[in-house]
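J.: Heads up: the sequence shown at position 137 corresponds to 193 in our numbering, and the numbers run straight through without jumps. I have a structure here, written as structure tokens, and I will follow up with some questions on it.
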Amino acid sequence: MNHHIALQFEDGVTRFIDASATETVADAAYRQGMNIPLDCRDGACGTCKCFAESGQYTLGEYIDDAMTEDEARQGYVLTCQMRAKSDCVVRVPASSSVCRTQQARYEAAITQVRQVSPSTISLSIQSETLNKLAFLPGQYVNLQVPGSTQTRAYSFSSLVRDGTVSFLVRNVPGGLMSSYLTGQAKPGDTLTLAGPLGSFYLRDIQRPLLLLAGGTGLAPFTAMLEKIAQQGSAHPLHLVYGVTHDADLVEMDTLQALAERIPNFSFSACVASADSHYPHKGYVTQHIAPAHLNDGNVDIYLCGPPPMVEAVGQFIRDKNLKPANFYYEKFSASA
């Protein structure tokens, strides 16, 4: 039986390989053209030391000079001795270019583009080749703006279904991609994407999760929640979604549908504008309850603009709280 191994390179590029139960991860990577660091192949030099973020595996023989037992307990692995027993995510301490691994590139046709609010554009693209697109929920790709050489980074807002994947795009007045999507794009137009990229993605769920989204920072969370709906979770999950104006609230029906599919998932939304008529006003930090923080035994995921990320960081410091894990991604608008 083959297992899927996500290799996360330090420049953000993620590539997937298949590894059988009998071959090492290093051998599987080389077999599929990914030259991850390697030297002795005998567990003696430590050149192939990586970090296993998640998954089950066995380790063969190695010496302390290559990797200590304490490192092994922390999750470090020697890929020349690592054999997967499940799907795994492995962080490789090298850039993809050094490992001669380039970003995968795909072409897909627009199936739907619509402005769902003054600040948000919903984009869906489709291609048979996208069925081969593997990514960790929460990651992003670079979309090339048609008619230019420039790209813009967008998080997946869905998993791939029948060759179709979706994005939530911030509508930036005068922005290159925004202008294309609102003024020129039509179904059938071709877009080029490269990736996946990013270290912001859903890890194995081992404790309660607190998800914090600002604006189109909601996108990676709807992809994560789709994955959770498929695999289930024994731990409670809560999402706080914040926007500036009432009209900026999008995908509320999607969140409600996910709440119906995931028994222990709840969500709330808030609007910062003083003239809002939405029942919950203010900023995301004002809607984080002590129960959501679980006395620090919580994994916090945050995606939003830089001021929001900084505000949440300060909120956590003011609470003298040290969450088990704090993963975040900032995004800024590009003209």
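Here a beta-carbon is modelled for each residue, glycine too, at the ideal position from N, C-alpha and C. Everything numeric in this text was worked out from a predicted model, so none of it was measured.
1) Could you give the DSSP three-state label for residue 301: helix, strand or coil?
2) Let's test the definition: count the other Cβ atoms within 10 Å of the Cβ of residue 64 and tell me whether it reaches 16, buried, or not, exposed.
3) Can you tell me whether residue 311 is helix, strand or coil according to DSSP?
4) Determine the direct distance from the alpha carbon of residue 73 to that of residue 141, and round the result to whole angstroms.
5) Starting from residue 372, trace the alpha helix (DSSP H) both ways and give me its first and last residue.
6) Relative to the C-alpha of residue 247, which candidate in 330, 354, 352 and 202 has its C-alpha closest?
7) Beta-carbon separation of residue 159 and residue 250 under 8 Å?
8) For the region 123-193, list the beta strand (DSSP E) runs that are entirely contained and at least 3 residues long, ordered along the chain.
9) In the DSSP output, which residue or residues are listed as bridge partners for residue 296?
10) Return the Cβ separation of residue 256 and residue 294 in integer angstroms, given the expectation that the two are a contact with Cβ distance under 8 Å.
11) Pick out the complete beta strand (DSSP E) segments inside the region 207-287, 3 residues or longer, and give them in chain order.
12) Taking the continuous alpha helix (DSSP H) assigned at residue 87, which residues delimit it?
13) Given a cut-off of 8 Å, decide if residue 235 and residue 223 are closer than it, judged by their beta-carbon atoms.
14) Of all the options 206, 384 and 331, which has the alpha carbon lying nearest to the alpha carbon of residue 362?
15) Quick check: the region 121-136 against the region 84-97, are there 3 or more CB pairs under 8 Å?
16) At which residues does the beta strand (DSSP E) containing residue 62 begin and terminate?
17) Could you pull the start and end residues of the beta strand (DSSP E) that residue 115 belongs to?
18) Just curious, the beta strand (DSSP E) that residue 75 is in, first and last residue?
19) How far does the alpha helix (DSSP H) with residue 347 in it reach, from first residue to last?
20) Taking Cβ positions, are residue 102 and residue 145 nearer each other than 8 Å?
21) Does the distance from the CB of residue 346 to the CB of residue 280 come in under 8 Å?
22) Please name the residue or residues paired with residue 195 in a DSSP beta bridge.
23) Take residue 262 as the anchor and find which of 284, 290, 282 and 243 has the nearest alpha-carbon.
24) Check whether the Cβ atoms of residue 272 and residue 327 lie closer than 8 Å to each other.
T.: According to the structure shown:
1) coil
2) That one is buried.
3) helix
4) Taking the Cα positions, residue 141 is about 14 Å away from residue 73.
5) Where residue 372 is concerned, the enclosing alpha helix (DSSP H) starts and stops at 362-374.
6) 202
7) yes
8) You should have 132-134, 138-140, 144-148, 160-173 and 176-182.
9) 268 and 324
10) The Cβ separation is near 18 Å, so there is no contact.
11) The qualifying runs are 207-211, 220-226, 246-253 and 265-270.
12) Residue 87 -> alpha helix (DSSP H) spans 81-87.
13) No, the Cβ-Cβ distance between residue 223 and residue 235 is not below 8 Å.
14) 384
15) yes
16) 58-65
17) 113-115
18) 70-76
19) Here the alpha helix (DSSP H) through residue 347 covers 346-349.
20) no
21) Cβ distance not < 8 Å, so residue 346 and residue 280 don't count as in contact.
22) In DSSP, residue 195 forms no bridge with anything.
23) Cα-wise, what sits closest to residue 262 is 290.
24) no
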